[in-house]
Every structure is written in C-alpha cells, then in structure tokens.
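Read through the structure below, which is laid out as structure tokens, and then see the notes.
What follows is the structure, encoded as structure tokens:
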C-alpha cells in the first residue's frame, strides 16, 4: 500500500497508518452523512405524497425544515473535503475503490443498527458483490 | 403497504443511477477545457461554474441529489445504495460504447457483479421499516420490521 503513496508526500514515511486514517475519515463521515440523510427522509415521509398534497414548494420546505437533513449534509460535506485531502496525498486508484467499497459495508451495518432496517442475506450478498465489483472496476 | 415500487419510483431510481455519473463526466470534461486553477485565484473557480459543461454537470448533480432524497423517503438506504453503485457500471458502458475505450475482462466481471447485486436487492421489498406517515396514522398497529419476501 505504501508504494501507492505519492513520492513527494510528507506522509510517505508513515504511509500505511496515514492512508488508513484518511480512508477511515472518508468512510466514517460518508456513512454518518448517508445515515443521517436517510433518517431525515424517513422522518419527513414520502416526498411524492407531500408533493401531491402541498406542491413542490411544500416538499422543499419539508426537507429544509428538518434539522437531521442539515446534519447529514454537514457530514457529506466533511466526507467530500476528506476525499479531496486524501486525493492530495494518495493515489486515486487506492482511495476510490477502498472508500467506495468500505462505505457500502459500513452503510449496511449502520442501516441495520441505527435505521433498524432489515438487512437480510439478500442485501448482505449485494453489499459483498458491490465491494468486489467496485474493486474489479478499478483494475 | 406492499413496499413494491410504482413505475414512477423506478424512474426516480433510474435518475439516481444516471445523473451522478453523467454529472461527474460533465464536470471532468468542463474542467479539462480550463487552464489549471490555482488556490491563490479562487475567482477562477467561481467563473468556471458558469461554463456550459460545468453548469450542466452541476444541474445533473442537483438532479441526482433530489432523486436520491426522494428515493430515501420511500425506500431503505440499503435498497437505494446498489442503485448508486450502478453508476459505476453506467460509466463503463459510456467508456465502451461512446468513447470506444478498451474495457478489460476484469471490469466486465465487475459490471456483472454490481448488476447482479442490483438485481438481488430489486427483487426484495423496498422498505422494511415503518414509514413516518404510517406511524403517525396507525401508531398502535406498528408491526416489527418484516422479513424480506
């Protein structure tokens, strides 16, 4: 993994730990953002029905008045800037697939425990297939 | 509530799959047309927003986020996630059929696996938790999270 670090990076000496921390930051922030956003949308209810009753402005108002939504957007923004920071020090071929595939797994775990979703064998299998698929697409 | 998707909801998922990779592609194409931008001149980034390809990319990414939020309002996160992952497959198809790039067998295998994952999840229920509106209308009849059919 250290060979994938940029040669000019000051983190090259402690490459493995630094790379792990940067990828973990992306994955954790992204997972928090996705779960909070999903929780926000669940608490709001079906946007199609809200739009049918209150129009598009009503649907937008319902989203923008939900504090959980802004918490989710905050963590998604944090994940984005963590990604930019990581790309400044690590190769895209490492960060892209690692962050994408690990996020699928952590999202499934978080959805099971925090959103109380029924993540059955079908969905675990899908998460595993996506991880392998994303890895293969990157090579 | 059957938690089976209506045709319009499939269109929302299709928008999730298509808008993100198309938006990213437009941003990449737009940024490639510009001179390298230095952080000491952030005004150049603002000006870049108004170039056609980048404006189109931003519009598509806004469309993606709106579709994604809509999908999360009636489907589980673990149901919508494979749809977002399918965007990677869409990029491979764009590369192969539009840009005529070589796609290795490993990537075709990756395409197959992600497509299979989407197929697996799509066969199950879209929602396994109680929606907010059902909770408000029938608080006493809330069943535990149901097993996938």
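Protein chains in written order, with the numbering used here: chain A, 1 to 139; chain B, 140 to 288.
A virtual CB, placed ideally from N, CA and C, is assigned to each residue, including glycine.
Because the structure is a prediction, the values reported are computed rather than measured.
Taking the beta carbon of residue 212 of chain B as reference, the chain A residues within 7 Å of it are 41, 44, 45, 46 and 47, listed in sequence order. Among the CB atoms of chain B, one or more fall inside 8 Å of the CB of residue 126 of chain A. Between residue 182 of chain B and residue 189 of chain B, the alpha-carbon positions lie close to 12 Å from each other.
Burial state of residue 42 of chain A is buried, judged by a 10 Å Cβ sphere holding 16 or more other Cβ atoms. With 16 or more other Cβ atoms from the protein chains shown falling within 10 Å of its own Cβ, residue 221 of chain B counts as buried. Close partners of residue 195 of chain B in chain A (Cβ separation under 8 Å) are lacking, with about 20 Å as the shortest Cβ gap.
Listed along the chain, the chain A residues whose CB falls inside 7 Å of the CB of residue 246 of chain B are 136 and 137.
In terms of beta-carbon proximity, residue 91 of chain A stays away from the interface with chain B, with every pair separated by 8 Å or more.
Around residue 259 of chain B, the beta-carbon contacts reaching into chain A at under 9 Å are 122, 123, 125, 126 and 129. For residue 238 of chain B, there is no enclosing alpha helix (DSSP H), as DSSP marks it with neither H nor E. At a cut-off of 8 Å, the C-beta of residue 226 of chain B has no neighbouring C-beta in chain A. Residue contact check for residue 119 of chain A against chain B: a CB pair falls below 8 Å. A straight line joining the alpha-carbon of residue 257 of chain B with that of residue 161 of chain B spans about 19 Å. Residues of chain B with a Cβ closer than 9 Å to the Cβ of residue 115 of chain A are, in chain order, 215, 216, 217 and 268.
Counting along the chain, residue 34 of chain A sits inside the alpha helix (DSSP H) bounded by residues 15-44.
Selection B:259, B:261 and B:267 evaluated against residue 117 of chain A yields B:267 as nearest (Cα-Cα). The beta carbons of residue 249 of chain B and residue 96 of chain A sit no closer together than 8 Å. For residue 196 of chain B, the uninterrupted alpha helix (DSSP H) run begins and ends at 191-213, by DSSP.
The alpha carbon of residue 25 of chain A has as its nearest neighbour, out of A:110, A:90, A:108 and A:82, the alpha carbon of A:82. Residue 214 of chain B and residue 265 of chain B have their C-alpha atoms roughly 5 Å apart.
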